[in-house]
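Chains as they are written, first to last, in this note's numbering: chain R, 1 to 293; chain G, 1001 to 1293. Backbone N, C-alpha and C define an ideal beta-carbon position, used for all residues, glycine too. Here the structure comes first, spelled out in structure tokens, and everything after it is commentary.
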């Protein structure tokens, strides 16, 4: 069993990005600049945004946090997005989700200039991804592809079963794993809440990508020997013994499933750390695109 | 076995559209107007465009054919597209494919205003479809959904196997059949040229959607009893006895497979006639969208 070590690989990627940034700076150009828009005071959202900003600093990016009150209207937010679209100093930006209920998230995401949409959430970028065009790939799926690539995991002709059809993980992974090229070219089955006989389907999988959010859902008796397991579940489970009062649990019963797996991601330290690294990578790509124009 | 009669249903849909058009005209508004751009003199393309124009006439739409010489440059074509984007008299338009080799098809499709993209080929519309937003659905997949709906075929929780990952059929069908709602909510496996053990996969299918282009590929021993079969294959097979010198063959060995199927599309007369009907439907939707604004 080989551990798909997201902590290690994400550090490598950040080092590679930092090297690129120092090249950019040495050539007299300004470094990539990521902005993050956050509406309201949700604690988890603030934590996420702060960790993204911290990661920017670490690789030498400029970063800006745009904080707006929780009473912000949809029109005000879209106005702010248009400012960011037109601000040549910003290479890419993200809208931290969720947004307050008075704001239509779809309308807001549609207002982002696709060339600055480093989250890859704009329908135009999502469509380009599905139509095999080059574009920003959402950070978590992009991180999974990168893990498969850096560990040289064969995907062609394999049967990949994706669990969950969310817009940010399951749906894009089902598309990416069935596209031509590597990682990809696998036969993909997308399962979800209406799927029957899910165990029977997962038992056929060479690669399982689980983005369900149910701790310990995937048991050893549900997978075949040699399976590749990507665990995208991140659920907080109460734990009195832990100083934080909770621990993070994946979808996979790691202890048992890892005995049968050829490759497996741990939780934490698997897909999670890859996400911020790939957001940085997308921001670097946004910067380089601009230089090409 | 129930025949999914695309010829009959497409006639019904055209009648429904004609009724809507007469309502629009009676209210003193102009009818929907579809334009088709064709570059060069390819015989098959001209035939397709002419049949689309004929269908427009039948339901009372205005139509325009924009014919450009095969020497047209990419810039000239994009200029023409921008004219159509800005022409308020045109509700929707299509670019007949394939385009001559000097023209980059992706760039051209990106130039079409998504709100006039009645083929549903623009990445923004494709992405909206994948992200469960309302948009134009490409005509052939839209026609398949319509057939399933009008024959009241249950899809929720069923296992759908899609054969082929083309941008115009396989990829969008794999997305549509796994979206929430009906027709949809099925567990979808997308198979393609790199798939191994394809027979073993198809044997599990409750619904098979074949868009492979290999005549008589799908045999009776590859499907289970009660299967729903959608045949999107259209291949010309030489036939001396036929006045045209060829016959149209689907992917399915209809005679044998139909004995096991609960529902099945014939070829010709199944999915084929639905495609033009749904192009008209999309043009009507484009027209109505405009009136809503």
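Test: residue i CB closer than 8 Å to a CB of chain R
i                      : result
residue 1067 (chain G) : no
residue 1171 (chain G) : yes
residue 1236 (chain G) : no
residue 1195 (chain G) : yes
residue 1188 (chain G) : yes
residue 1079 (chain G) : no
residue 1262 (chain G) : no
residue 1167 (chain G) : yes
residue 1051 (chain G) : no
Residue i vs residue j beta-carbon contact at 8 Å
i                      : j                      : result
residue 1138 (chain G) : residue 1127 (chain G) : no
residue 1017 (chain G) : residue 1280 (chain G) : yes
residue 162 (chain R)  : residue 188 (chain R)  : yes
residue 241 (chain R)  : residue 220 (chain R)  : no
residue 1113 (chain G) : residue 1136 (chain G) : no
residue 1271 (chain G) : residue 1231 (chain G) : yes
residue 249 (chain R)  : residue 215 (chain R)  : yes
residue 1045 (chain G) : residue 1096 (chain G) : yes
residue 1033 (chain G) : residue 1094 (chain G) : no
residue 1123 (chain G) : residue 1173 (chain G) : no
residue 66 (chain R)   : residue 36 (chain R)   : yes
residue 39 (chain R)   : residue 68 (chain R)   : yes
residue 145 (chain R)  : residue 176 (chain R)  : yes
residue 1206 (chain G) : residue 1156 (chain G) : no
residue 47 (chain R)   : residue 147 (chain R)  : no
residue 74 (chain R)   : residue 108 (chain R)  : yes
residue 1278 (chain G) : residue 1009 (chain G) : no
Contacts of residue i in chain R (Cβ-Cβ under 9 Å)
i                      : result
residue 1003 (chain G) : By Cβ distance, chain R contributes nothing, its closest Cβ being about 27 Å from residue 1003 (chain G), past 9 Å.
residue 1010 (chain G) : Chain R residues near residue 1010 (chain G): none, gap ~27 Å exceeds 9 Å.
CB contact below 8 Å: residue i versus chain G
i                     : result
residue 191 (chain R) : yes
residue 178 (chain R) : yes
residue 14 (chain R)  : no
Chain G residues whose Cβ lies nearer than 7 Å to that of residue i
i                     : result
residue 133 (chain R) : 1106, 1123
Per-residue contacts from residue i into chain R (C-beta, under 7 Å)
i                      : result
residue 1185 (chain G) : 194
DSSP beta-bridge partners of residue i
i                      : result
residue 63 (chain R)   : R:34
residue 70 (chain R)   : Per DSSP, none; premise fails for residue 70 (chain R).
residue 1249 (chain G) : G:1235
residue 1275 (chain G) : Per DSSP, none; premise fails for residue 1275 (chain G).
residue 294 (chain R)  : Residue 294 (chain R) lies beyond the range of chain R shown here (1 to 293); nothing can be said about it.
residue 191 (chain R)  : R:163
residue 93 (chain R)   : R:35, R:117
residue 1263 (chain G) : G:1002, G:1228
residue 988 (chain G)  : Lying before the first or after the last residue shown, residue 988 (chain G) is absent from chain G, which here runs from 1001 to 1293.
Using a Cβ cut-off of 9 Å, which residues of the stretch 1116-1130 of chain G contact any Cβ in chain R, in chain order? Under the 9 Å Cβ criterion, the stretch 1116-1130 of chain G contributes 1121, 1122, 1123, 1124, 1125, 1126, 1127, 1128, 1129, 1130.
According to a CB-to-CB cut-off of less than 8 Å, which residues of the stretch 1146-1157 of chain G neighbour chain R? The stretch 1146-1157 of chain G vs chain R, Cβ under 8 Å: 1156, 1157.
Short-range partners of chain G found in the stretch 83-95 of chain R, where Cβ spacing is below 9 Å: Those would be none; no residue qualifies.
Closer than 8 Å between beta carbons: that is the criterion. Which residues of the stretch 199-219 of chain R meet it against chain G? So the list reads 201, given in the order they occur along the chain.
So if I threshold CB-CB distances at 7 Å, which residues from the stretch 1104-1116 of chain G count as touching chain R? Listed by position along the chain: 1106.
Any residues in the stretch 1267-1293 of chain G with a beta carbon nearer than 7 Å to a beta carbon of chain R? Which ones, in chain order? Flagged: no residues at all.
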